[in-house]
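Asker: As you go down the protein sequences, you meet chains A and B in turn. All the letters of the first sequence, read from the start, carry residue numbers 35 to 400 under the working numbering. All the letters of the second sequence, read from the start, carry residue numbers 35 to 400 under the working numbering.
2 protein chains.
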Amino acid sequence: MPGPRFTPLVESLPATVPFVGPEAQERARGAPFAARLGANESVFGPSPKAIAAMAKAAGGAWMYGDPESHDLRKALAAHHGVAPDEIVVGEGIDGLLGYLARLTLGPGDVAVTSDGAYPTFNYHVAGYGGRLEKVPYREDHEDPEALIATARASGAKLIYFANPDNPMGSWHPAETVQGMIDAVPEDTLLALDEAYIELAPDGTAPPIDTANPNVLRLRTFSKAYGLAGARVGCAIGHRAVIRAFEKIRNHFGMSRIAQAGALATLADAAWLAEVQARVAAARARIGEIARANGLTPLLSATNFVAIDCGADRARAQAVLEQLVAHGIFVRMPFVAPQDRCIRVSCGTETDLDAFEKTLPTALSAT
Amino acid sequence: MPGPRFTPLVESLPATVPFVGPEAQERARGAPFAARLGANESVFGPSPKAIAAMAKAAGGAWMYGDPESHDLRKALAAHHGVAPDEIVVGEGIDGLLGYLARLTLGPGDVAVTSDGAYPTFNYHVAGYGGRLEKVPYREDHEDPEALIATARASGAKLIYFANPDNPMGSWHPAETVQGMIDAVPEDTLLALDEAYIELAPDGTAPPIDTANPNVLRLRTFSKAYGLAGARVGCAIGHRAVIRAFEKIRNHFGMSRIAQAGALATLADAAWLAEVQARVAAARARIGEIARANGLTPLLSATNFVAIDCGADRARAQAVLEQLVAHGIFVRMPFVAPQDRCIRVSCGTETDLDAFEKTLPTALSAT
Numbered sequence: 035m036p037g038p039r040f041t042p043l044v045e046s047l048p049a050t051v052p053f054v055g056p057e058a059q060e061r062a063r064g065a066p067f068a069a070r071l072g073a074n075e076s077v078f079g080p081s082p083k084a085i086a087a088m089a090k091a092a093g094g095a096w097m098y099g100d101p102e103s104h105d106l107r108k109a110l111a112a113h114h115g116v117a118p119d120e121i122v123v124g125e126g127i128d129g130l131l132g133y134l135a136r137l138t139l140g141p142g143d144v145a146v147t148s149d150g151a152y153p154t155f156n157y158h159v160a161g162y163g164g165r166l167e168k169v170p171y172r173e174d175h176e177d178p179e180a181l182i183a184t185a186r187a188s189g190a191k192l193i194y195f196a197n198p199d200n201p202m203g204s205w206h207p208a209e210t211v212q213g214m215i216d217a218v219p220e221d222t223l224l225a226l227d228e229a230y231i232e233l234a235p236d237g238t239a240p241p242i243d244t245a246n247p248n249v250l251r252l253r254t255f256s257k258a259y260g261l262a263g264a265r266v267g268c269a270i271g272h273r274a275v276i277r278a279f280e281k282i283r284n285h286f287g288m289s290r291i292a293q294a295g296a297l298a299t300l301a302d303a304a305w306l307a308e309v310q311a312r313v314a315a316a317r318a319r320i321g322e323i324a325r326a327n328g329l330t331p332l333l334s335a336t337n338f339v340a341i342d343c344g345a346d347r348a349r350a351q352a353v354l355e356q357l358v359a360h361g362i363f364v365r366m367p368f369v370a371p372q373d374r375c376i377r378v379s380c381g382t383e384t385d386l387d388a389f390e391k392t393l394p395t396a397l398s399a400t
Numbered sequence: 035m036p037g038p039r040f041t042p043l044v045e046s047l048p049a050t051v052p053f054v055g056p057e058a059q060e061r062a063r064g065a066p067f068a069a070r071l072g073a074n075e076s077v078f079g080p081s082p083k084a085i086a087a088m089a090k091a092a093g094g095a096w097m098y099g100d101p102e103s104h105d106l107r108k109a110l111a112a113h114h115g116v117a118p119d120e121i122v123v124g125e126g127i128d129g130l131l132g133y134l135a136r137l138t139l140g141p142g143d144v145a146v147t148s149d150g151a152y153p154t155f156n157y158h159v160a161g162y163g164g165r166l167e168k169v170p171y172r173e174d175h176e177d178p179e180a181l182i183a184t185a186r187a188s189g190a191k192l193i194y195f196a197n198p199d200n201p202m203g204s205w206h207p208a209e210t211v212q213g214m215i216d217a218v219p220e221d222t223l224l225a226l227d228e229a230y231i232e233l234a235p236d237g238t239a240p241p242i243d244t245a246n247p248n249v250l251r252l253r254t255f256s257k258a259y260g261l262a263g264a265r266v267g268c269a270i271g272h273r274a275v276i277r278a279f280e281k282i283r284n285h286f287g288m289s290r291i292a293q294a295g296a297l298a299t300l301a302d303a304a305w306l307a308e309v310q311a312r313v314a315a316a317r318a319r320i321g322e323i324a325r326a327n328g329l330t331p332l333l334s335a336t337n338f339v340a341i342d343c344g345a346d347r348a349r350a351q352a353v354l355e356q357l358v359a360h361g362i363f364v365r366m367p368f369v370a371p372q373d374r375c376i377r378v379s380c381g382t383e384t385d386l387d388a389f390e391k392t393l394p395t396a397l398s399a400t
């Protein structure tokens, strides 16, 4: 058929999606989920102050958002102890990872990640023709030394490392991460995804050092701050690296409502503390439910818990399918041996009541 | 300095922004604008139903937006008489133009546009290494025949054509546009930007024909629908072309609040009719104000009016600077001879009172 000419790279790409959304699953099963515990969203919601700010901003949605996200960058800079021009605000970490892949990767350029880590990073790398080198997890943790060694051996331009990790919920202490940072090759960029950092123990994040051009810290309002649906994240790093985003980003891509919500939640430390407490309680309860059913919960520094179902992928998959069939939306890791687990996000008490009630049924049906 | 390696293309790009936002101008002048008439936003606001829907959705912003934008695509499909898989929803036309450039353009590939048309298109073309061929306006209208001839001569992969046009507000009737569509080379894609179509006379848009893989219709909620700050647009076309977006788009890039607002406004035909009436009245009044000051308003099928200041760029620039200095945010075309004009967005009565009061002062000071 005659028609437009796509690039050779685009012709070679599959039409793929990193994740199927819960709404699509609900449409397929013809019923809503009773508990939405699969996407590591914050069921405790956004800060009431953020909700109020967004509701107020809705009437002003006729105005484009400030393309500089000036006020939000200023607040983030104060929050993190850096300068505003050491921060770029973007459409969630997903959007920022896309920009980052575009900035660094041409066809054949190497990016290193952990095998089974964030699929959206892999999607963006493939989307710019990059070549992924994948490093195995080590005892359910990402392996900093192996990531660095692989980056060095392959001449990688980009390393992706999440701390805490998704999908396992594991984490490394700040000293380990600092050791990794110190070992990054001098022409490589480490994308340090700290999406869950507000939910991790003190001492998980090394100090932010914007004098180092080899590290970019990625933070988001999608997890602890409960604003996944607003799409706000930021990257913090050396101003020369931050400036590069100005060359390619969608300058008018930020929602004005999202900017208002992020600004309001950043000022509401009490809400963050409350979410942290609720997440900790929910993690504990998910662990209890798992153990009561003969399963093994993994330690988590995030708002989800990976639960070892005690066998292989087939077993975990069967448990997941039964949970989903009974209205409990959960997900699971993609790669062995992590795929012996299901991954359950922290829920409200009602959500976890439903999980507690359904899990024995799901297990007995598998 | 050691540091990350960007792609050669990125190294070659300037850190640029298609437009400086009004907020940055306000920060520079140290005072807010009295009237925000420079960005062709809809000062009449979003539909009250959209505001209510977004305010309600704010509490649910902890959930990611549906990556398929299923409900919104379904509603848009019904609205436009096409199938849902002939529509892709994206982060405004800006976001969709970025995806489109990425889908089609590699280094040196040609895209054709009008000289002085939408800078954000040019930004995206440059950002993917494409080569821009620019065609002059003809009597303040984009020139369909010249665009087609240039595309044919240059082997262009992409043509950008806005109808109605920005920044001049001029338009071509549907028959002319259909003639252009019929003449698109069989391996070229025409991006037909109809951002302002709801504000144009009946008979401006040719029928949507999704059997034709060579045309993509771009529509937005940013103009007549008053949701610029929510970031929602869509592209309508052949399903094979639409499917290509699935390979590269940021699947979880849509704000859940924006999806709710767009869905609500699409169902509120009464609000659209009211905006159309207010825009028509504001256009007329801007014309009267211009004429009363000895200037010549151009006919417009949009929510703004280009005003011929009667001389050259220097004159228009001086008038613009005076208006801005007196708190009236307006913009102007970039390229001669269109840059003899200033561009004034439709305002509320209060906005236009301020414009009416300020214009004589601005003119006498130049």
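All C-beta atoms in this analysis are idealised placements derived from N, C-alpha and C, irrespective of residue type, glycine included.
If you measure beta-carbon to beta-carbon, which residues of the region 85-109 of chain B are closer than 9 Å to chain A?
Answerer: Cβ contacts with chain A: Ile85, Ala86, Ala87, Met88, Ala89, Lys90, Ala91, Ala92, Gly93, Gly94, Ala95, Trp96, Met97, Tyr98, Gly99, Asp100, Pro101, Glu102, His104, Asp105.
Asker: Taking buried to mean at least 16 other C-beta atoms within 10 Å of its own C-beta, is glycine 203 (chain A) buried or exposed?
Answerer: Position 169 of the first sequence, counting from 1, holds the residue named residue 203 (chain A). That one is buried.
Asker: When the distance is taken between beta carbons, is leucine 250 (chain B) closer than 9 Å to leucine 223 (chain B)?
Answerer: As a first step, residue 223 (chain B) must be located in the second sequence, where it is residue number 189. As a first step, residue 250 (chain B) must be located in the second sequence, where it is residue number 216. Yes; because the gap between Cβ atoms is below 9 Å, this pair is in contact.
Asker: Nearest by alpha-carbon distance to alanine 112 (chain A): which of A:Ala180, A:Ala234, A:Leu300 is it?
Answerer: Position 78 of the first sequence, counted from the first residue, corresponds to residue 112 (chain A). The option with the nearest alpha carbon to alanine 112 (chain A) is A:Leu300.
Asker: Is histidine 175 (chain B) helix, strand or coil by DSSP?
Answerer: Locating residue 175 (chain B) in the second sequence gives position 141, where the first residue counts as 1. If DSSP states are grouped into helix, strand and coil, histidine 175 (chain B) belongs with the strands.
Asker: Give me the chain B residues within the contact set of serine 76 (chain A), using Cβ-Cβ distance strictly less than 8 Å, ordered along the chain.
Answerer: Here the question's residue 76 (chain A) lines up with position 42 in the first sequence. Those within 8 Å of serine 76 (chain A) in chain B are Trp96.
Asker: Can you check DSSP and say which residues form a bridge with glutamate 75 (chain B)?
Answerer: For the purposes of this step, residue 75 (chain B) is taken as the residue at position 41 of the second sequence. DSSP output for glutamate 75 (chain B) lists no bridge partner at all.
Asker: Do the region 229-239 of chain A and the region 46-56 of chain B touch if we need at least three Cβ pairs shorter than 8 Å?
Answerer: Not touching, per the Cβ criterion.
Asker: What first and last residue would you give for the alpha helix (DSSP H) that runs through glutamate 308 (chain B)?
Answerer: Here residue 308 (chain B) refers to the residue found at position 274 when the second sequence is read from its first residue. Taken as a continuous stretch (DSSP letters only), the alpha helix (DSSP H) holding glutamate 308 (chain B) covers 303-326.
Asker: Within 9 Å (strictly less), CB to CB, does asparagine 156 (chain B) reach chain A?
Answerer: Position 122 of the second sequence, counting from 1, holds the residue named residue 156 (chain B). False, the Cβ-Cβ gap to chain A never drops below 9 Å.
Asker: Return the CA-CA distance between arginine 283 (chain B) and proline 141 (chain A), expressed in angstroms with no decimal places.
Answerer: In the second sequence, the residue the question calls residue 283 (chain B) occupies position 249. In the first sequence, the residue the question calls residue 141 (chain A) occupies position 107. Cα to Cα, arginine 283 (chain B) sits roughly 18 Å from proline 141 (chain A).
Asker: With a cut-off of 9 Å, does the C-beta of lysine 191 (chain A) fall near any C-beta of chain B?
Answerer: Taking the first residue of the first sequence as position 1, residue 191 (chain A) is located at position 157. It does: the Cβ of lysine 191 (chain A) has a partner Cβ on chain B nearer than 9 Å.
Asker: Using 8 Å for Cβ pairs, my map puts arginine 374 (chain B) next to alanine 396 (chain B). What's the rounded Cβ distance?
Answerer: Translated into positions along the second sequence, residue 374 (chain B) becomes position 340. Translated into positions along the second sequence, residue 396 (chain B) becomes position 362. At roughly 16 Å, the Cβ-Cβ gap does not stay under 8 Å, so arginine 374 (chain B) and alanine 396 (chain B) are not in contact.
Asker: Between alanine 95 (chain A) and arginine 290 (chain A), how many whole angstroms is the CB-CB distance? I'm expecting something under 8 Å.
Answerer: Counting from 1 along the first sequence, the entry for residue 95 (chain A) is found at position 61. Counting from 1 along the first sequence, the entry for residue 290 (chain A) is found at position 256. The pair is a contact, with the Cβ atoms about 6 Å apart (cut-off 8 Å).
Asker: With 16 other CB atoms within 10 Å as the buried threshold, where does alanine 401 (chain B) fall?
Answerer: Here chain B covers residues 35 to 400 and nothing more, so residue 401 (chain B) does not appear.
Asker: Closer than 8 Å by beta-carbon distance: list the chain B residues that pair up with phenylalanine 40 (chain A), in chain order.
Answerer: Translated into positions along the first sequence, residue 40 (chain A) becomes position 6. Near phenylalanine 40 (chain A) (Cβ distances below 8 Å), the residues of chain B are Leu137, Thr138, Ala278.
Asker: Going by alpha carbons, who is nearest to aspartate 119 (chain B) out of B:Asp342, B:Thr336, B:Ala269?
Answerer: By 1-based counting over the second sequence, the position of residue 119 (chain B) is 85. Here the closest residue by C-alpha is B:Ala269.
Asker: Can you grab the Cα-Cα spacing for the pair alanine 258 (chain A) / alanine 294 (chain A), in whole Å?
Answerer: Sequence index remark: in the first sequence, residue 258 (chain A) carries index 224 (1-based). Sequence index remark: in the first sequence, residue 294 (chain A) carries index 260 (1-based). Each residue's alpha carbon lies about 17 Å from the other.
Asker: Please check if any C-beta of chain B sits within less than 9 Å of the C-beta of lysine 391 (chain A).
Answerer: To locate residue 391 (chain A), count along the first sequence from 1; it is residue 357. It does not; no Cβ of chain B falls within 9 Å.
Asker: With a cut-off of 8 Å on the beta carbons, I'd call alanine 318 (chain A) and tryptophan 205 (chain A) a contact; round off their distance for me.
Answerer: Residue numbering aside, residue 318 (chain A) sits at position 284 when the first sequence is read from its first letter. Residue numbering aside, residue 205 (chain A) sits at position 171 when the first sequence is read from its first letter. Contact doesn't hold; Cβ gap of about 17 Å is too wide.
Asker: Determine the DSSP secondary structure at glutamate 232 (chain B), reduced to helix, strand or coil.
Answerer: Position 198 of the second sequence holds residue 232 (chain B). Helix.
Asker: Tell me the DSSP bridge mates of isoleucine 376 (chain B)?
Answerer: Translated into the one-based positions of the second sequence, residue 376 (chain B) becomes position 342. Its beta-bridge partners are B:Ile341.
Asker: State the Cα-Cα distance for the pair valine 146 (chain B) and cysteine 380 (chain B), rounded to the nearest angstrom.
Answerer: Residue mapping note: residue 146 (chain B) aligns to position 112 of the second sequence, counting from 1. Residue mapping note: residue 380 (chain B) aligns to position 346 of the second sequence, counting from 1. Going by the C-alpha atoms only, they are around 29 Å apart.
Asker: Between serine 256 (chain B) and chain A, is any beta-carbon pair separated by less than 9 Å?
Answerer: To locate residue 256 (chain B), count along the second sequence from 1; it is residue 222. Chain A, which has a Cβ nearer than 9 Å to the Cβ of serine 256 (chain B), makes this yes.
Asker: Among A:Ser398, A:Pro394, A:Pro367, whose alpha-carbon lies nearest the alpha-carbon of glycine 72 (chain A)?
Answerer: Within the first sequence, numbered from 1, the residue matching residue 72 (chain A) stands at position 38. Comparing Cα positions, the closest option is A:Pro367.
Asker: Can you tell me where the beta strand (DSSP E) with glycine 295 (chain B) in it begins and where it stops?
Answerer: Stepping through the second sequence from its first residue, residue 295 (chain B) is reached at position 261. Element bounds for glycine 295 (chain B): not the beta strand (DSSP E) but the alpha helix (DSSP H), 290-300.
Asker: Does the beta carbon of lysine 281 (chain B) come closer than 9 Å to any beta carbon on chain A?
Answerer: Within the second sequence, residue 281 (chain B) is the residue found at index 247, counting from 1. Yes, contact with chain A.
Asker: For threonine 384 (chain A), which residues in chain B fall below 9 Å Cβ to Cβ?
Answerer: Counted from its first residue, the first sequence places residue 384 (chain A) at position 350. Neighbours of threonine 384 (chain A) on chain B: none; closest Cβ ~15 Å, over 9 Å.
Asker: Could you check how far apart the C-beta atoms of lysine 191 (chain B) and proline 38 (chain A) are, in whole angstroms? I think they sit under 8 Å.
Answerer: As a position in the second sequence, residue 191 (chain B) is number 157, starting the count at 1. As a position in the first sequence, residue 38 (chain A) is number 4, starting the count at 1. So it is a contact: roughly 7 Å between Cβ atoms.
Asker: Among the candidates A:Gly93, A:Asn337, A:Glu383, A:Ala160, whose CA atom is the shortest distance from the CA of arginine 377 (chain A)?
Answerer: Taking the first sequence and counting its residues from 1, one reaches residue 377 (chain A) at position 343. When each option's Cα is compared against that of arginine 377 (chain A), the closest is A:Asn337.
Asker: Taking Cβ positions, are aspartate 302 (chain A) and alanine 68 (chain A) nearer each other than 9 Å?
Answerer: Within the first sequence, the letter at position 268 stands for residue 302 (chain A). Within the first sequence, the letter at position 34 stands for residue 68 (chain A). Not closer than 9 Å, so no.
Asker: Below 8 Å, can you find three or more Cβ-Cβ pairs linking the region 170-180 of chain A to the region 194-202 of chain A?
Answerer: Counting Cβ pairs under 8 Å, three or more are found: they touch.
Asker: Can you tell me the Cα-Cα spacing of lysine 90 (chain B) and threonine 254 (chain B), whole angstroms?
Answerer: To locate residue 90 (chain B), count along the second sequence from 1; it is residue 56. To locate residue 254 (chain B), count along the second sequence from 1; it is residue 220. Roughly 22 Å between the two C-alpha positions.
Asker: If the cut-off is 9 Å on Cβ atoms, which residues from the region 194-209 of chain A count as contacting chain B, listed in chain order?
Answerer: Listed by position, the residues of the region 194-209 of chain A near chain B (Cβ gap below 9 Å) amount to none.
Asker: Would a C-beta distance cut-off of 9 Å place asparagine 197 (chain A) and alanine 160 (chain A) closer than the cut-off?
Answerer: Here residue 197 (chain A) refers to the residue found at position 163 when the first sequence is read from its first residue. Here residue 160 (chain A) refers to the residue found at position 126 when the first sequence is read from its first residue. Not in contact: asparagine 197 (chain A) and alanine 160 (chain A) (Cβ atoms no closer than 9 Å).
Asker: Classify leucine 333 (chain B) as buried or exposed, calling it buried when 16 or more other Cβ atoms lie within 10 Å of its own Cβ.
Answerer: To locate residue 333 (chain B), count along the second sequence from 1; it is residue 299. By the 10 Å Cβ count, leucine 333 (chain B) comes out exposed.
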